[in-house]
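Below is one structure, written out as structure tokens, with a few remarks after it.
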Amino acid sequence: MLETLGTVFGLRHTFKTKVGNDFVRGVSGGERKRVSIAEALAARGTVYCWDNATRGLDASTALEYNHAIRASTNYLQSIAVVAIYQAGENIYKLYDKVTVLYSGRQIYFGPAEEAKDFFIRQGWDCPPRQTTPEFLTSVTDPKGRTPRAGFETKVPNTAEEFEQYWKNSPEHARLVQQIAEYEEKSDSGQTLERVRNIINHQFKEKRQPKRSRYILTYRSQLKLLITRGVQRVKGDKAYTIINVSAAIIQSLIIGSLFYNIPSATSGAFSRGGAIFFALLYNSLSALAEISNSFQNRPILLKQKGYSFYHASGEALQTILSDLPVKIITYVIFSIILYFMVGLQVAAGQFFLFLLIIIISCLSISALFQMISTLTKSASSANSIAGVFVLVLSVYTGYMISTRTMHPWFRWINWLDPLAYGFEAMMANEFHGLKMSCDLLVPSGPGYENVTIANQVCAFTGSRPGQSFVDGNDYLYASFEYKWDHVWRNFGILIGFWIFFLAINCVASEVVRPVSGGGDVLLFKRGHMPSPENLKENAQAEKEASSGDDLSLETTSREVFSWQHVDYTIPLDGGTRKLLDDVQGYVKPGTLTALMGESGAGKTTLLNVLSQRIHFGVITGDMLVNGKPLDNSFQRRTGYVQQQDLHLAEASVRESLQFAARLRQPATTPDREKLEYVEQIIRLLGMSDYAEALVGSSGRGLNVEQRKKLSIGVELVAKPSLLLFLDEPTSGLDSQSSWAIVQFLRSLANAGQSILCTIHQPSATLFEQFDRLLLLKKGGRTVYFGDIGNNSSVLTSYFERNGARKCGREENPAEYILEAIGAGATASVTADWGDIWSKSPECHDTTAEITKLQAELAAQPVPHSDVPAKVLTQKFAASYWTQFKYVTQRTMIQYWRSPTYLMAKFMLMVVAGLFIGFTFWNVGNPFSLAGMQNAMFGVFLIQVLSAPLTNQILSNAEQTRELYEVRESSSNTFHWSCLLLAQYISELPYHIVFSTLLYCCFYFPVRYSTEPHVAGFFYFVYCILFQFYYVGFALWISYFSPNAASAAAIASLLFSFLIAFCGVLQPLQLSPYFWVFVFRLSPFTYFIQAYLGVIMHDQKVVCQPEEFSVFQPPSGMTCESFAGAFVRNVSGYLNNPDATSNCQYCKYSVGDEYLATIGVNYDQRWRNVGFICAYIIFNVCAMLLFYYLFRVKQWQTPKLFSIFKKKKPVEEPVRDIYAPKEGDEDAVFGRVRSPSMVPGTAE
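Laid out in structure tokens, this is it:
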């Protein structure tokens, strides 16, 4: 089947090429469409519904596709219901029946060959050379239908009248009778059983249950899915390399940060920090998988609808295909981190550490994949996952110990996979560890002769009379962890992994596939058109189409010419030539068609001519009036792309006004620009939905409306030089296509130069063009010249050079494509590229171009009232105007993105409440654990910026793609406007939502409510921190290749910032080498700013379990024995007059604790100054990185490429389209199975 479908649809040469999409380079648009068609045919369905499946295919390939559908219905007993636009007469004749719809009402259903006579009998006129499909479509268009003489008052006019005529016709009565007879004779149960028997015997695997809707067994499905998953991993090497590299870099950094931790009590906290960080980093890294999940979801749901495989199989393969890379990443990370940190060097403990970290991280990865499956959007998934990261990391047991957890959230610890992993890893590390004491109480000057019996180690888990602390005692006293729980926890982690994976698989099966249905228009609030508005709009559009309402005159009289244009791209160490010596010209007032089969290079040529190619090598001459192109060329040309890319949140009118204001000359008054927009809306018939939002597929504009908007966006720019259009009629019906081409014809008649690719033109449509540039595979010219009246000049050229004679009723566009051998299975002996290059017409064209260039170059520049600087500048509008309107549009985009804003709102509010009530009442007053909890509280509101950053990355990626694919190429506005507008538009929402978070967090933890404390905290967090991390997220997004890579880079950098802020590892215990990094990390200054104000002058009261208890010598009180020690260090004695069980607390005020972590209250404004500097740096970095990586497009050299064997500079000459042995038998129409019986196609 692979070879069969590949041959029928001409895809065999693309078997090793990426499919690609609108933003990833791959096969051509037509080839991608053929991949979709072949994929659907591979489903072996009995009933096929094809919705505009020929969109984007050339006429020859569309005909072959319909031949394939015809053959499959004949031989596979299948039924095909096809909604097809712009069908040629040859295509129409392949169908058995046809149905015609008018405003949702059926006005005909019956034999295809009788439909035309039915409507002629009804009273409608069919002009000569109008195909039957065009005629049938025209009767549903009041502007396109013409009654026959004498029938002007007899024909129906409304959809209801058409429907009534149909229901009263003998054709309708015959249809009702046929349906009744069929239902009487047929037995649905027998038919179903017969179909099942055919499928079971011919296609299904032997062990597959007969009633299963899947052809392959689950095992075979999983095998194929894993194979495809591995191919995906190989195909996206950048993502894999970034992930592995990030893990290596991060492990080196953290390993060196915690380098060689001492085995004394001073290193206990750091050991826990290193272990906790290993879990936290890999948890944050798994967030990047959410983006990949949503990128693949449309494919999963589509193929699930085809019954290709169980969706749960896809969920399993995601785990299994990624598993090798993940395990390698975890192993590398663990080896580096483990030995650099200096954890216990014992084989058993190392491998247990590795085993636990692998299963813990796999559990968290499965959790995030489960969340992705259960949510409908990436922003929602990121929001929920962000909350989960916060919850799981807080209740791991490191930030807040189990002893200090409040009862209302204690249950989270029992359900937290990371908590079990952390306990197992901590027990594994501290089991058998004897930590020497760093501080004995009392000690120091005057206490040299005190025996150990009267001293105690000032550390949790110590015992009186011991100069060391046992690791097991420390764990139990601090966390209530036990060595006996290690293997129990390992089993629990496996259970979590299986549970999350099972839920993911079940949810995958339950998620509904892509739903069908028409597009629903979404209007701005209060702008739904009323019936009266619709009537007024119809009248205005009628007047506009007459030409009375708009002056289309253009003052440009410049000629655009190109000669000897070649385009070569690098490929696997060699090169491939996509355009080969192409030449031509476009004069003002002419409409030139660019044709060729799919993959011939039509879009490539348009991109080259419009200066939108930034990859490969382009050679040749492209001149305007015989002179080189200047900076204004792209602004003075319009380019309607094949992909209809628009901002989903903008309305039709807003999209057009935006383009007009920024692309028309600055000297044009704004009022005149807006009036021109209204005229274009009326001319294109968009008045009824001018206030509708563009939206997305299914909820917004339909295909035709989007295409009209794409054309309108370029027309409102008033391109003074040239208008390029790439398949403007693709996806439109014949009447809409006719209206579009007629409008282009009017523009050309008014003096506009137009070059337009077109795939499936009818004869009447084709004759609207003046000239034709025809390409064949390989980007070679087959013809360039006039088309002539009734295409006489064009057809005579081909007939003179060996092609058969073109019939009188034949479509010339289909004829020439057939003549040159276009199509997947066609073949010709003559090389029409060579014929053209040797023809007199080619020589005449070359001479004409040379003459034009010489004459025009010699002409003086015409006088203009507009300054020369304005005529040649790159952008039409001033920078301030660009910035104003781009910011305005971005603000509207955010305001109309409720899902994005609600996800941000919920994350901040829920997280604020969660952190606030987790650390409830820690500051009233502070205890030892309370001060540490207070530090972790402010640390967590910093960490919350990680999931918020992921939300920003996902949103910024969409806006960036729109700019780079369409707006940048037309020089609509400067790239910096996009970046600054995005930054400014994000900030108001972040400030408002962070204010809510502040209220939910600050007051429950009972920090000081004094204005100078609470106000300073608000200023730093709700203002400065929001300015900081929004800029941080955007500069990562704008230099990363894609959203997934940006998420991985963000995880790496955030882990770096978190590690070097002094929370997980105090500055005093860090290697000297990293001291400068602490001082460079912006999080250091945020943490110091928060802690400095909330703990300054705050009294510390130790809890009973926090006191270090020691015994004074006989006859001495606690004060007389240890008072000097306390006065020399810090802290206080809780019972100074006692003669036994002296209770010592390490700190008496918060400033003493702050001094141990390097925080000084007096430096708070210095910290603010540094924070402001980082905010400015982020904005500058955002602009600089975008310029370097997206504007200048600096390429990173491929590593190890010097070791690869070099291929020849030129690709070996080979004709991959030449007929091959077996091609004849591979075509559907020439294969017949004895078990196949005729079916029907409609």
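Counted from 1, the sequence shown has number 769 at position 769 by UniProt numbering; the numbering is strictly sequential. Every residue gets a Cβ at the ideal spot worked out from N, C-alpha and C, and that includes glycine. Only a predicted model underlies this, so the values are computations on that prediction, with no experimental measurement involved.
- Each residue's CA atom was taken as its position, placing Leu940 and Leu907 some 13 Å apart.
- By the criterion of at least three beta-carbon pairs nearer than 8 Å, the segment 393 to 409 is in contact with the segment 273 to 288.
- For the options Tyr75, Arg34, Gly267 and Ala43, the alpha carbon positioned closest to that of Glu64 is the one of Arg34.
- By the CB criterion at 8 Å, Ala1047 and Asn950 fall inside the cutoff.
- It is roughly 5 Å from the alpha-carbon of Tyr1144 to the alpha-carbon of Phe1107.
- The distance from the Cβ of Ala458 to that of Leu439 is about 5 Å, consistent with a contact at the 8 Å cut-off.
- In the DSSP assignment, His843 falls within the alpha helix (DSSP H) that extends over Pro840 to Ala858.
- For the options Ser945, Ala946, Gln942 and Thr918, the alpha carbon positioned closest to that of Asn933 is the one of Thr918.
- Under the DSSP assignment, Ile618 falls in the beta strand (DSSP E) whose first and last residues are Val617 to Val624.
- Under the three-pair Cβ rule at 8 Å, the segment 678 to 692 does not count as touching the segment 721 to 730.
- When the alpha-carbon of Leu280 is set against those of Ile613, Ala660, Ser263 and Phe422, the nearest one is in Phe422.
- The beta carbon of Pro588 sits closer than 8 Å to those of Thr554, Ser556, Arg557, Glu558, Val559, Gly751, Gln752 and Ser753, all from its chain and outside the five residues before and after it, given in chain order.
- Counting along the chain, the unbroken alpha helix (DSSP H) around Cys999 starts and ends at Trp975 to Tyr1002.
- Counting along the chain, no beta strand (DSSP E) covers Arg745; the unbroken alpha helix (DSSP H) around it starts and ends at Ser734 to Asn749.
- Residue pairing by DSSP places Leu493 opposite no residue, since no beta bridge is assigned to it.
- Beta-carbon to beta-carbon, Tyr1007 and Ile1094 are separated by about 5 Å, close enough to satisfy the 8 Å threshold.
- For a cut-off of 8 Å, the C-beta gap from Glu649 to Ile892 is around 6 Å, short enough to register as a contact.
- If you ignore the 5 residues before and after Gln563, its C-beta comes within less than 7 Å of the C-beta of Gln583, Gly620, Asp621 and Ile849, all in its own chain and listed in chain order.
- When secondary structure is reduced to three states using DSSP, Leu101 falls in the strand class.
- The C-beta distance from Leu662 to Ala876 rounds to 7 Å, short enough to fall under 8 Å.
- Positions of the beta strand (DSSP E) runs, each at least 3 residues long and wholly inside the segment 1083 to 1139, are given as 1108 to 1110 in order along the chain.
- The count of Cβ pairs closer than 8 Å, one atom from the segment 1010 to 1028 and one from the segment 919 to 927, stays below three, leaving the stretches out of contact.
- Its Cα nearest to that of Gln1088, the residue Val938 stands out among Val938, Val1179 and Phe109.
- If you check the CB distance, Arg771 and Pro719 do not come in under 8 Å.
- Closest by C-alpha distance to Arg70, out of Phe769, Lys93 and Leu901, is Lys93.
- Three or more beta-carbon pairs separated by less than 8 Å link the segment 1025 to 1033 to the segment 1176 to 1187, which places the two stretches in contact.
- Distance from Asn1128 to Gly444 at the Cβ level is roughly 6 Å; contact confirmed, criterion being Cβ atoms closer than 8 Å.
- By alpha-carbon distance to Gln888, the top candidate from Ser985, Gly88 and Arg966 is Ser985.
- Contiguous alpha helix (DSSP H) elements confined to the segment 335 to 403 occur at 347 to 374 and 378 to 394, taking only those with 4 or more residues.
- For Ser1045, the secondary structure class from DSSP, reduced to helix, strand or coil, is helix.
- Here DSSP, grouped into helix, strand and coil, assigns Phe769 to coil.
- With 16 or more other Cβ atoms from the protein chains shown falling within 10 Å of its own Cβ, Lys1146 counts as buried.
- When the five nearest sequence neighbours on each side are left out, the beta carbons in the same chain lying within less than 6 Å of the beta carbon of Gln349 are those of Asn428, in order along the chain.
- Selection Phe368, Ile1049, Ala247 and Ser380 evaluated against Glu289 yields Phe368 as nearest (Cα-Cα).
- Taking C-beta atoms as the reference points, Phe769 and Ile787 count as a pair closer than 8 Å.
- Residue environment: Trp836 is assigned as buried (16 or more neighbouring CB atoms within 10 Å of its CB, all protein chains considered).
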